[in-house]
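Okay, structure first, notes after.
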Amino acid sequence: AQSVAQPEDQVNVAEGNPLTVKCTYSVSGNPYLFWYVQYPNRGLQFLLKYITGDNLVKGSYGFEAEFNKSQTSFHLKKPSALVSDSALYFCAVRDHNNAGNMLTFGGGTRLMVKP
Amino acid sequence: SAVISQKPSRDICQRGTSLTIQCQVDSQVTMMFWYRQQPGQSLTLIATANQGSEATYESGFVIDKFPISRPNLTFSTLTVSNMSPEDSSIYLCSVDRLAGANEQFFGPGTRLTVL
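Just so you know, the sequences run in chain order D and P.
Start counting the first sequence at 1; every next residue gets the next number (the working numbering).
Start counting the second sequence at 116; every next residue gets the next number (the working numbering).
Here you go:
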């Protein structure tokens, strides 16, 4: 079975400071990894994904994430946080060796960026 | 990316009634999914809907409670039957593997409140 852990329910950061939202995963095969963001009263928006290749992937709104196979992690990062980044962030995994396997989501991390 | 719309965007319903949620995609897709997001929680997959076949339900979800239709490659409905306050959630539809992409795209969600 595959699983995703987001160990922090909430992350607080001051505007202009770097931010990290943590994600670790467990999957039997090779992972496809994703980050989504959910703004209040909105659906999920895709931010970025790791499929293969370069471990550092860049996505929308200046976000990036680093795939670390040895630590089974895929932490989301941004060099300089904006107040508008405040939202709920979800990490998700799919086992790409199993084409029928569905996405499994982490519990979500609420990011609060304060002016 | 796909444009996915849902109707209604929100509703307040009485206990014991049923609500049908519609999901429309602007492209033909093979797989459509329905998720539930309870207040403050992550996403839970209800079922997978493929055109021309019965929906596949996840553990804990049954067809009598959540009947799904998938009449064509761009449309699906989810009905929440005999509602109780515990059914108050956001219901999201999503699509997969659009144009070879590995990420899922999500609709804006339907916020359901059951009194």
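Where is the CB? At the ideal position from N, CA and C, for every residue including glycine.
- When rounded, the separation of the alpha-carbon atoms in Gly224(P) and Ser60(D) is 21 angstroms.
- With at least 16 other beta carbons inside 10 angstroms of its own, Gly222(P) counts as buried.
- Per DSSP, Ser204(P) is one residue of the beta strand (DSSP E) stretching across 204–210.
- Chain order gives the chain P residues near Met102(D) as Phe148, Leu160, Thr163, where near means a beta carbon separation below 8 angstroms.
- With a contact defined as Cβ atoms closer than 8 angstroms, Leu230(P) and Arg130(P) qualify at about 7 angstroms.
- For Asn68(D), the enclosing beta strand (DSSP E) has its first and last residue at 64–68.
- Interface flag for Lys49(D) against chain P is set, since a Cβ pair is found closer than 8 angstroms.
- The three-state reading of DSSP puts Pro186(P) in strand, counting E and B together.
- Following the DSSP letters along the chain, one finds His75(D) inside the beta strand (DSSP E) bounded by residues 73–78.
- For Leu44(D), the nearest CB of chain P lies under 8 angstroms from its own CB, placing it at the interface with that chain.
- Assigned with DSSP and collapsed to three states, Pro31(D) falls in strand.
- For Phe221(P), the residues of chain D that pass the 7 angstroms Cβ criterion are Gly43, Leu44, in the order they occur in the chain.
- Interface annotation for the segment 191–217 of chain P against chain D: Leu207, Asn217, criterion Cβ-Cβ distance under 7 angstroms.
- In the three-state scheme derived from DSSP, where H, G and I count as helix and E and B as strand, Asp85(D) is classed as helix.
- In this structure Ile183(P) touches Thr192(P) by the C-beta definition: roughly 7 angstroms separates them, less than 8 angstroms.
- In the three-state scheme derived from DSSP, where H, G and I count as helix and E and B as strand, Ser60(D) is classed as helix.
- The beta carbons of Asn30(D) and His96(D) sit about 6 angstroms from each other, so the pair counts as a contact at 8 angstroms.
- Interface with chain P (8 angstroms Cβ-Cβ cutoff): Tyr32(D) is included.
- Partner residues in the beta bridge of Val140(P), as assigned by DSSP, are Ile119(P).
- Taking Lys78(D) as reference, the option from Gly107(D), Ser28(D), Leu56(D) with the minimal CA-CA separation is Leu56(D).
- Taking the Cα positions, Trp149(P) is about 19 angstroms away from Pro200(P).
- A check of alpha carbon separations from Leu158(P) across Leu47(D), Leu48(D), Val37(D) identifies Val37(D) as the nearest.
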